[in-house]
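J.: Let me begin by handing over the structure; questions about it come next.
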Amino acid sequence: MLVQSWGPMSWTKETQAKLDRLHEKELAGTLTATEQAELAALIAAVEAEEVQSLTPAMARLRGDVEVLIQEVRGVESRNEGLARLVAQQQQLAADACRFLAEFDQRRTSILDALARVAASAEQIASPGGDPSSSLNARQ
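Per numbering that gives the first Met the number 0, residue 0 is the first one in the sequence shown, and the count goes up by one each step.
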């Protein structure tokens, strides 16, 4: 008996019924060698048709994946740049806090010195309380 060679698939109800019948016989263990070869040919034809029909879609998907990979790399690169900028901003804020603390300390020191000078000038101007009496006493 000649095994039918399945060419380009034109899957029909009859072809599906034949495949189903051969699968049933295979499960039952009653498949002949010829039927086994026919089942193998049908399965090979189905797989070949799947490969043929899926190849363009798979190529598109591979292209899409490559585009997405490039987009992810671009986003990662921008994220790294943003992370560096955030670190610089954090350093700038820390520097500003240190500067403000030093500025406040220097301001306080100057105000304290000014208060001491003012208090000293007041004491010199009026040892007894009246600035004019100290001037009169000196003359």
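All residues carry an ideal CB built from backbone N, CA and C; glycine is no exception. Since the model is a prediction, treat every value here as computed from it, not as a measurement.
In whole angstroms, what is the alpha-carbon distance linking Phe98 and Gln87?
T.: As a first step, residue 98 must be located in the sequence shown, where it is residue number 99. As a first step, residue 87 must be located in the sequence shown, where it is residue number 88. Looking at the two C-alpha atoms, the distance is approximately 16 Å.
J.: To the nearest angstrom, report how far apart Val45 and Ser9 are at their CA atoms.
T.: The residue labelled residue 45 in the question sits at position 46 within the sequence shown. The residue labelled residue 9 in the question sits at position 10 within the sequence shown. Using only the alpha carbons, I get a separation of about 10 Å.
J.: What residue range is occupied by the uninterrupted alpha helix (DSSP H) comprising Thr54?
T.: Along the sequence shown, one-based indexing puts residue 54 at 55. Unbroken alpha helix (DSSP H) run through Thr54: Ala32 to Ala124.
J.: Considering only their Cβ atoms, is the gap separating Glu25 from Leu140 smaller than 8 Å?
T.: As displayed, the chain neither begins before 0 nor continues past 138, which places residue 140 out of reach and without an answer.
J.: If you follow the alpha helix (DSSP H) that Thr14 is part of, which residue opens it and which one closes it?
T.: Against the sequence shown, residue 14 aligns to sequence position 15. From DSSP, the alpha helix (DSSP H) with Thr14 extends over Lys12 to Ala27.
J.: In whole angstroms, what is the alpha-carbon distance linking Ser119 and Thr107?
T.: Position 120 of the sequence shown, counting from 1, holds the residue named residue 119. Position 108 of the sequence shown, counting from 1, holds the residue named residue 107. Their backbone Cα atoms lie some 18 Å apart in a straight line.
J.: Is the distance from the Cβ of Glu34 to the Cβ of Leu21 below 8 Å?
T.: Within the sequence shown, residue 34 is the residue found at index 35, counting from 1. Within the sequence shown, residue 21 is the residue found at index 22, counting from 1. Result yes, Cβ atoms of Glu34 and Leu21 sit closer than 8 Å.
J.: Going by CA-CA distance only, name the one from Thr31, Ile42 and Arg77 that's closest to Gln15.
T.: Within the sequence shown, the letter at position 16 stands for residue 15. For the residues Thr31, Ile42 and Arg77, the minimum Cα distance to Gln15 belongs to Ile42.
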